[in-house]
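Scroll down for the structure; my scribbles are underneath it.
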Ligand code: HEM
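In the working numbering, the protein residues as written are 2 to 267.
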């Protein structure tokens with residue numbers, strides 16, 4: 002199963018052009034949902050206004066090499082390893098889910114667009130990327146969902162309490178999980194039995210919810226967060242600090258109380 006392209010098997014009953022159109026539709030849904038979100042929240046407008054204002058209080062003009070250094074550090078640390086989440090399980094779970102999703106999506110696009118023609122031979126690398134990506138997403142996303150999300154971790158809500166904010170993580174886990182089950186059932190060669198069609202249907206629905214729900218979910222954070230991290234790091238380097246007061250020139254002494262419990266009350 003792990004080295005078989007599930008979309009190639011599907012292409013024997015569904016035209017490849019249909020699968021390719023579905024992927025394009027998902028891309029359009031991301032774009033439309035994100036633009037609607039930006040218009041509704043006015044976050045990008047605020048972001049640029051704030052950056053312009055902060056620039057006025059910059060203590061120094063950054064040279065090109067300083068800018069490149071800040072940008073590279075932001076990519077390597079804030080974006081590639083989600084350093085905002087600190088050291089620990091929250092960051093590890095996010096990194097698993099993030100890279101899992103990237104592998105899963107890249108694998109899907111490559112296999113659907115390049116390896117679904119009748120005599121295509123898919124190099125084992127791509128199906129492996131796809132299956133491993135899906136498994137990592139389910140593991141990282143499930144870890145976050147059952148144990149780490151703020152409602153459960155800090156607010157003592159039961160894991161099965163679902164609110165709109167959970168739309169993104171649940172649709173993400175569902176699309177990978179249903180994709181994996183569908184691929185497994187297909188690999189059993191059930192001769193057109195109902196099960197793999199049911200899971201193909203669930204896989205399609207999960208994707209429609211994930212990509213169609215961008216406006217209502219946290220999906221677009223994957224675009225906003227890198228921009229915000231870059232702005233924050235540039236503002237620190239040029240001394241403008243987003244118009245925040247300078248750090249206190251005193252030792253960080255908070256008393257012993259702070260060591261009694263890990264901070265988790267947000
Ligand atoms: C393919 C890319 C990404 C995926 C699939 C992804 C996935 C997720 C998921 C499922 C959540 C949990 C959402 C929830 O609260 O229900 C989350 C939260 C978060 N993500 Fe991402 N993310 C991606 C990219 C990024 C990037 C690039 C950054 C930062 C530069 C980032 C920073 C965060 C932060 C800070 C949280 C809050 C975590 C928490 O509450 O513990 N994410 N992400």
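The beta-carbon is built from N, C-alpha and C at its ideal position, and this holds for glycine as well.
Whose C-beta lies closer than 6 Å to the C-beta of residue 102 among residues of the same chain, with five residues either side of it excluded?
Sequence index remark: in the chain shown, residue 102 carries index 101 (1-based). Listed in chain order, the non-local C-beta contacts of residue 102 below 6 Å within the same chain comprise 138, local neighbours out to five positions each way being set aside.
Is there contact between the stretch 216 to 231 and the stretch 29 to 43, where contact requires at least three CB pairs shorter than 8 Å?
Touching, per the Cβ criterion.
Residue 266 burial status per 10 Å Cβ neighbour count (16 or more: buried)
Your numbering for residue 266 matches position 265 in the chain shown. The residue in question, residue 266, is exposed, as its Cβ has fewer than 16 Cβ neighbours within 10 Å.
Quick check: what's the CA-CA separation for residue 204 versus residue 216?
Here the question's residue 204 lines up with position 203 in the chain shown. Here the question's residue 216 lines up with position 215 in the chain shown. Cα to Cα, residue 204 sits roughly 20 Å from residue 216.
Between residue 117 and residue 2, which are expected to be in contact by the criterion C-beta below 8 Å, what is the C-beta distance as a whole number of angstroms?
Locating residue 117 in the chain shown gives position 116, counting from the first residue. Locating residue 2 in the chain shown gives position 1, counting from the first residue. The Cβ separation is near 18 Å, so there is no contact.
Helix, strand or coil for residue 252? Go by DSSP, reduced to three states.
Counting from one through the chain shown, the residue named residue 252 turns up at place 251. Correct three-state label for residue 252: coil.
Would you check if the stretch 196 to 215 and the stretch 47 to 61 touch, i.e. whether three or more CB-CB distances between them fall below 8 Å?
No: the two stretches stay apart, fewer than three of their Cβ pairs being nearer than 8 Å.
Contact check, residue 187 vs residue 7, beta carbons under 7 Å:
To locate residue 187, count along the chain shown from 1; it is residue 186. To locate residue 7, count along the chain shown from 1; it is residue 6. In this structure, residue 7 lies closer than 7 Å to residue 187 by Cβ.
Taking 7 Å as the cut-off, decide whether the C-beta atoms of residue 32 and residue 239 are in contact.
Translated into positions along the chain shown, residue 32 becomes position 31. Translated into positions along the chain shown, residue 239 becomes position 238. No, Cβ-Cβ distance for residue 32 and residue 239 is not below 7 Å.
Looking at the ligand HEM, does it come within less than 6 Å of residue 227, judged from the CB to the closest heavy atom?
Within the chain shown, the letter at position 226 stands for residue 227. At least one heavy atom of the ligand HEM lies closer than 6 Å to the C-beta of residue 227.
Is the beta carbon of residue 170 closer than 7 Å to that of residue 141?
Counting from one through the chain shown, the residue named residue 141 turns up at place 140. Counting from one through the chain shown, the residue named residue 170 turns up at place 169. Contact flag unset, no.
With DSSP as the reference, label residue 244 as helix, strand or coil.
The sequence position of residue 244 within the chain shown is 243, counting from 1. Residue 244: helix per DSSP, three-state reduction.
Alpha-carbon to alpha-carbon, residue 154 and residue 88:
Reading the chain shown from its first residue, position 87 is the one you call residue 88. Reading the chain shown from its first residue, position 153 is the one you call residue 154. Between residue 88 and residue 154, the C-alpha separation is close to 17 Å.
Given this structure, state the Cα-to-Cα distance separating residue 18 from residue 124, to the nearest angstrom.
To locate residue 18, count along the chain shown from 1; it is residue 17. To locate residue 124, count along the chain shown from 1; it is residue 123. Computed Cα separation, rounded: 21 Å.
Closest by CA to residue 227, which one among 43, 249, 73, 149?
Locating residue 227 in the chain shown gives position 226, counting from the first residue. Each of 43, 249, 73, 149 was checked against the Cα of residue 227, and the nearest Cα belongs to 73.
CB contact flag (residue 75, residue 230, <7 Å):
Within the chain shown, residue 75 is the residue found at index 74, counting from 1. Within the chain shown, residue 230 is the residue found at index 229, counting from 1. Closer than 7 Å, so yes.
With hydrogens ignored, establish whether the beta-carbon of residue 230 is closer than 6 Å to any heavy atom of the ligand HEM.
Sequence index remark: in the chain shown, residue 230 carries index 229 (1-based). Shortest gap from the CB of residue 230 to any heavy atom of the ligand HEM: under 6 Å.
Helix, strand or coil, according to DSSP, for residue 67 in the structure here?
On the chain shown, position 66 is the one that residue 67 refers to. In the structure shown, residue 67 sits in a helix (DSSP, three-state: H, G or I).
When 90, 43, 122, 162 are compared against residue 12, the one with the closest alpha-carbon
As a working note, residue 12 is residue 11 in the chain shown. Measuring from the Cα of residue 12, the nearest candidate turns out to be 122.
On the three-state DSSP scale, how would you describe residue 220?
By 1-based counting over the chain shown, the position of residue 220 is 219. Reduced to three states, the DSSP call for residue 220 is coil.
Quick one: complete alpha helix (DSSP H) runs, 4+ long, within the stretch 149 to 190?
With a minimum length of 4 residues, the continuous alpha helix (DSSP H) runs that stay inside the stretch 149 to 190 are 151 to 154, 168 to 188.
Sorted by chain position, which residues of the same chain lie with C-beta nearer than 6 Å to residue 147's C-beta, five sequence neighbours on each side aside?
Counting from one through the chain shown, the residue named residue 147 turns up at place 146. Closer than 6 Å at Cβ, skipping near neighbours: 160.
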